[in-house]
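So the sequence lines, in the order shown, correspond to chains A and B. Using the numbering used here, the letters of the first sequence correspond one by one to residues 95 to 609. Using the numbering used here, the letters of the second sequence correspond one by one to residues 89 to 458. All residues carry an ideal CB built from backbone N, CA and C; glycine is no exception.
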Amino acid sequence: MTHPRLQLTGITKAYPGVVANSDVSLTVMPGETHAVLGENGAGKSTLMKIIYGSIKPDAGEVRLNGQPIVIHNPKEARANGISMVFQHFNLFDTMTVAENVWLGLARESLEQVTASIIAKANEYGLDIDPSRPVHTLSVGEMQRVEIIRALLTRPELLILDEPTSVLTPQAVEKLFVVLKKLASEGCSILYISHKLHEIRELCTACTVLRGGKVTGVCNPQEESNASLSRLMIGAEPPQLEHRPQQAGESRLTVKNLSLAREDQFGVDLDGISLDVRAGEVVGIAGVSGNGQKELLYALSGEDCRAPAGSIRMKDKDVSKLHPGARRRLGLHFVPEERLGRGAVPTLSLAHNLLLTRTGSISNPKFAGGWIQVKKLEDHASAIIKAFNVKAGGPHAMAKSLSGGNLQKFIVGREIDAKPTLFIVSQPTWGVDVGAAAQIRGEILALRDAGCAVLVVSEELEELFEVSDRLHVIARGKLSPSVPIAQATVEKIGEWMSGLWETGAVAERGGQHHHA
Amino acid sequence: MDCGKQGQWRSVGGNIIMLKLEARQQPSNFWVYGSPLLALLITVLVGVVLFVALGKDPLRGLEMFFWQPIRSSYALGELMVKATPLLIIALGLSVCFRSNVMNIGAEGQYVIGAIFASGVALLAEKTTGNWIVLPILLAGIVGGMAWAALTALLRDLFNANEILVSLMLVYVALQVLSYLVGGPWMDPQGFNFPQTKIFEAATHIPRLIQGSRMTIGILIALLGSAALWVFLFRTRAGFALQVGGIAPAAARYAGFSSRRALWTALMISGGAAGLAGALEVAGPIGQLSGFLPAGYGFAAIIVVYVGRLHPIGMVFSAILMSMFYIGGEMAQSRLGLTKSLTGVFQGLLLFSLLACDTLVNYSVKFKRKT
Numbered sequence: 095m096t097h098p099r100l101q102l103t104g105i106t107k108a109y110p111g112v113v114a115n116s117d118v119s120l121t122v123m124p125g126e127t128h129a130v131l132g133e134n135g136a137g138k139s140t141l142m143k144i145i146y147g148s149i150k151p152d153a154g155e156v157r158l159n160g161q162p163i164v165i166h167n168p169k170e171a172r173a174n175g176i177s178m179v180f181q182h183f184n185l186f187d188t189m190t191v192a193e194n195v196w197l198g199l200a201r202e203s204l205e206q207v208t209a210s211i212i213a214k215a216n217e218y219g220l221d222i223d224p225s226r227p228v229h230t231l232s233v234g235e236m237q238r239v240e241i242i243r244a245l246l247t248r249p250e251l252l253i254l255d256e257p258t259s260v261l262t263p264q265a266v267e268k269l270f271v272v273l274k275k276l277a278s279e280g281c282s283i284l285y286i287s288h289k290l291h292e293i294r295e296l297c298t299a300c301t302v303l304r305g306g307k308v309t310g311v312c313n314p315q316e317e318s319n320a321s322l323s324r325l326m327i328g329a330e331p332p333q334l335e336h337r338p339q340q341a342g343e344s345r346l347t348v349k350n351l352s353l354a355r356e357d358q359f360g361v362d363l364d365g366i367s368l369d370v371r372a373g374e375v376v377g378i379a380g381v382s383g384n385g386q387k388e389l390l391y392a393l394s395g396e397d398c399r400a401p402a403g404s405i406r407m408k409d410k411d412v413s414k415l416h417p418g419a420r421r422r423l424g425l426h427f428v429p430e431e432r433l434g435r436g437a438v439p440t441l442s443l444a445h446n447l448l449l450t451r452t453g454s455i456s457n458p459k460f461a462g463g464w465i466q467v468k469k470l471e472d473h474a475s476a477i478i479k480a481f482n483v484k485a486g487g488p489h490a491m492a493k494s495l496s497g498g499n500l501q502k503f504i505v506g507r508e509i510d511a512k513p514t515l516f517i518v519s520q521p522t523w524g525v526d527v528g529a530a531a532q533i534r535g536e537i538l539a540l541r542d543a544g545c546a547v548l549v550v551s552e553e554l555e556e557l558f559e560v561s562d563r564l565h566v567i568a569r570g571k572l573s574p575s576v577p578i579a580q581a582t583v584e585k586i587g588e589w590m591s592g593l594w595e596t597g598a599v600a601e602r603g604g605q606h607h608h609a
Numbered sequence: 089m090d091c092g093k094q095g096q097w098r099s100v101g102g103n104i105i106m107l108k109l110e111a112r113q114q115p116s117n118f119w120v121y122g123s124p125l126l127a128l129l130i131t132v133l134v135g136v137v138l139f140v141a142l143g144k145d146p147l148r149g150l151e152m153f154f155w156q157p158i159r160s161s162y163a164l165g166e167l168m169v170k171a172t173p174l175l176i177i178a179l180g181l182s183v184c185f186r187s188n189v190m191n192i193g194a195e196g197q198y199v200i201g202a203i204f205a206s207g208v209a210l211l212a213e214k215t216t217g218n219w220i221v222l223p224i225l226l227a228g229i230v231g232g233m234a235w236a237a238l239t240a241l242l243r244d245l246f247n248a249n250e251i252l253v254s255l256m257l258v259y260v261a262l263q264v265l266s267y268l269v270g271g272p273w274m275d276p277q278g279f280n281f282p283q284t285k286i287f288e289a290a291t292h293i294p295r296l297i298q299g300s301r302m303t304i305g306i307l308i309a310l311l312g313s314a315a316l317w318v319f320l321f322r323t324r325a326g327f328a329l330q331v332g333g334i335a336p337a338a339a340r341y342a343g344f345s346s347r348r349a350l351w352t353a354l355m356i357s358g359g360a361a362g363l364a365g366a367l368e369v370a371g372p373i374g375q376l377s378g379f380l381p382a383g384y385g386f387a388a389i390i391v392v393y394v395g396r397l398h399p400i401g402m403v404f405s406a407i408l409m410s411m412f413y414i415g416g417e418m419a420q421s422r423l424g425l426t427k428s429l430t431g432v433f434q435g436l437l438l439f440s441l442l443a444c445d446t447l448v449n450y451s452v453k454f455k456r457k458t
């Protein structure tokens, strides 16, 4: 009888104030691709870190190939055939691919490492040049480096944490081919995700976590999205209603915006033109690192080097205005980074209101204005209530909130300002299903109320759900827009590699179609 | 979330006792205030060991540091005389440190402030009225600001590191001082001492109590502490400065100018240090002298951190540091110990504080393993 590759029994890990894992059991057979499904904060990461040896459980047993084992650190985990690819890459930008991989394998020479990278890359069809510096790689390529690094340890169990969040649909397909080949060779894979369709395509077993407890073990290929999400969040996400609506006046016009990169690993913006009208949602798709960050910096005013006349709100040239001045004209912006940019981690929610809101400021002439503390706290409480933010109250530190709840607060803070132009980046990145549905609902409500909305996202599903028109950004250039009714995942996926210019669309560039 | 560092030792019975630091979910409110007190206790204990090692009665030693400075109203006055410049400089520096502008050149700004103030004070004649005090103080503020402005300008124009620039400018300021008191401003009847003539009586900062050297400077310092509290916690400008310090990307997102923060912070701290210099030369000292620099500008950095960068906390830490100054002098004159003891105590306190601050974010767990 074959032993399970990995068997967890009764794993419990408590932190002060929260039980991250409570009596979790999990069995992974050799060659099985096993999904661990759960919302943010459900305890997936803690469980994986326990398997990988970076956290010690309070109780419970880990068995590897039938033998009880205590893994003290990641090094021991690797020695026992467990490898992990993290969501956030651990690569040094200025070093080459081979040098990065070499770091973990000090016993071999750089030439040997280079040779084994090429061998592994060929074996699995992972196209990579070991001599390239990491900063020249796309995010998808960086992930390949991480996967190769993991494969070089010849793992029997490979853990992947949300591996597709940074990939184009085509790159996801490629990744799945590699993973299926690995599984067919007997390697077990633990696949962490909250994307239901991926799990149903790839995995043959699934353990669902909610609030640190196992709520179900199933074969995802025999389940529906609805039944999986019931296990995951205890309910089905509400369906969004996207009502057809005539777009109104133009609220944001970007004309031929070119901008040299600010930092050396950035992207130059190249002739970007874009138009967002009242009552419509315009989406910008694209793999991260293709100029989204730079474009948003220019639009928000955090970077006000844009040439005069290139960015207009209604008829006013705002290219040179700083963020505060653009905000006074009705532009509100939710950045991708929540902690440290959208909110100050160590300040209370109430104080974080002051970043973009001046409702509780009196006497603006005196030292920038007087903070009316009571009014500020009441305002924060009102937003917490209106947007259903789970927080200890207006005094809770921003960093004490889960990602989803902080995002709800930040989105709420900006929507509550009644913007005429709303720009949001990665609105639901790392946010659980329930909160994501709520945030998308808020975006649509804003559009229905006549606000012009620009959504930049890497999640195609999300863009298809909320947008009226779609652009794609690739290598600092922006594609023409397509009405959502004419957009398909394949077409947008192709455009994400920058391929729109070869097609007939190029001639229609700049023209917009309204539903 | 990860558990932090571990250490272990064997107890008598052969069991291994694990000492483990576990990250707290929230910073401990208790240790935010408890840590400086524990640091003080450790400093005292190490001090006792130090006195014993030097062959002195530790009780007598501690008495010099912790009893002598508060035993009489005169002693208390002296305590305040030294606490005043420490507190005023620290208040300004805390604005810098909160906005992550690392000005460590307060000593230089203090000296230049004193020089500017002396320049005005030396203009006074026998017939000049008391009004001259105000221009003297203003000149001190302007001098300190001007010196800090050099640092701000170089940082603003060339992105020059403000830590290095402000520190180097301290030594330039000291050279300017020794040039003036040894050259153009030297008292012709001063037996070649590096000092100016004694200022006219009209220039003296009003004293608070008869028979004490304590001036209204201490009141200015306390008012400054209250004003700083209001600025930091009740005005949007103060808020913007601090956001720039703890989360620069958030400040940029909000539209708070980092240049304005740089200039505001350096002007406030430069002005405060300059004011302290003016209060010192026109107050307890009464002349500009080459012996003016007593390291207040540097000691104030410790005052800031021991006082938790908080306007009220710094009042207490300034008094504590002032005790170390006086205690060091007492230990020298009464016990025959070296005056460097002051610096040793200051350093000990800072080190212990940094160590104890671990407890704010981590809790210590003992685990027994057999």
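- The C-beta of PRO439 (chain A) comes closer than 8 Å to at least one C-beta of chain B.
- In this structure, LEU380 (chain B) lies near VAL369 (chain B), with their beta-carbon atoms less than 8 Å apart.
- CA-CA distance, GLN340 (chain A) to ASN384 (chain A), rounds to 31 Å.
- VAL156 (chain A) has A:LEU102 as its beta-bridge partners, per DSSP.
- Secondary structure note for CYS184 (chain B): it is in no beta strand (DSSP E), and the uninterrupted alpha helix (DSSP H) holding it is 161 to 186.
- Look at the region 426 to 453 of chain A: the residues with a C-beta under 9 Å from a C-beta of chain B are PHE427, PRO429, GLU431, LEU433, GLY434, ARG435, GLY436, ALA437, VAL438, PRO439, THR440, LEU441, HIS445, ASN446, LEU448, LEU449, THR450, THR452.
- Along the region 330 to 356 of chain B, the positions whose C-beta sits under 7 Å from a C-beta of chain A are VAL331, ILE334, ALA335, ALA337, ALA338, ARG340, TYR341, ALA342, GLY343, read in chain order.
- From the beta-carbon of ALA461 (chain A), the residues of chain B found nearer than 8 Å are PHE319, THR323, ARG324, ALA325, GLY326.
- Against chain B, the CB of TRP464 (chain A) has a partner CB under 8 Å away; the residue lies at that interface.
- Contacts between GLU396 (chain A) and chain B, judged by CB atoms closer than 7 Å, involve ARG340, TYR341 in chain order.
- By the C-beta density criterion, ASP369 (chain A) is buried, having at least 16 other C-beta atoms within 10 angstroms.
- Going by beta carbons, PRO439 (chain A) and LYS493 (chain A) fall inside the 8 Å limit.
- VAL376 (chain A) places its beta carbon 8 Å or farther from that of ASP542 (chain A).
- Take the alpha-carbon of SER254 (chain B) and the one of VAL392 (chain B): they are about 17 Å apart.
- The three-state secondary structure of CYS300 (chain A), taken from DSSP, is strand.
- Look at ASN350 (chain A) here: in three-state DSSP terms it is strand.
- Taken through DSSP and simplified to helix, strand or coil, VAL136 (chain B) comes out as helix.
- Interface with chain B (8 Å Cβ-Cβ cutoff): GLY418 (chain A) is included.
- Nearest CB-CB separation between SER494 (chain A) and chain B: below the 8 Å threshold.
- Counting C-beta pairs closer than 8 Å gives fewer than three between the region 259 to 277 of chain A and the region 144 to 159 of chain A, which falls short of the contact rule.
- Note on GLY424 (chain B): under 16 other CB atoms within 10 angstroms of its CB, so exposed under the neighbour-count rule.
- Leaving aside the five residues that flank MET302 (chain B) on each side, the residues in its chain whose CB is nearer than 7 Å to its CB run, in chain order, GLY165, MET168, VAL169, ARG295, LEU296.
- Contact check for VAL228 (chain A) and ASN194 (chain A): beta-carbon distance about 6 Å, within the 8 Å limit, so the pair qualifies.
- For the pair of segments examined, the region 343 to 359 of chain B was found not to touch the region 148 to 156 of chain B: the number of CB pairs separated by less than 8 Å stays below three.
- Sorting A:THR188, A:SER456, A:LYS585 by C-alpha distance to the C-alpha of ARG324 (chain B) places A:SER456 at the top.
- Exposed is the label assigned to HIS291 (chain A), since fewer than 16 other Cβ atoms lie within 10 Å of its Cβ.
- In the three-state reduction of the DSSP assignment, ASN115 (chain A) falls in the strand class.
- The beta carbons of ALA490 (chain A) and LEU415 (chain A) sit about 33 Å from each other, so the pair does not count as a contact at 8 Å.
- For VAL518 (chain A), DSSP records a beta bridge to A:VAL428, A:VAL549.
- Within the same chain, Cβ atoms closer than 6 Å to the Cβ of LYS349 (chain A) are found at SER367, SER404, the five residues on either side in sequence being excluded.
- One thing to note: GLN501 (chain A) has its Cβ no nearer than 8 Å to the Cβ of SER551 (chain A).
- Between ALA171 (chain B) and ALA338 (chain B), the gap from beta carbon to beta carbon reaches 8 Å or more.
- In this structure, the alpha-carbon of GLY332 (chain B) lies about 43 Å from that of TYR162 (chain B).
- Contact fails between the region 263 to 274 of chain B and the region 123 to 131 of chain B, because fewer than three Cβ pairs, one in each stretch, are under 8 Å apart.
- Nearest Cα to LEU273 (chain A) within the set A:VAL179, A:VAL525, A:ASN159, A:ALA530: A:VAL179.
- The contact set of ARG99 (chain A) on chain B, defined by CB atoms closer than 7 Å, is empty, because the minimum CB distance reaches about 26 Å.
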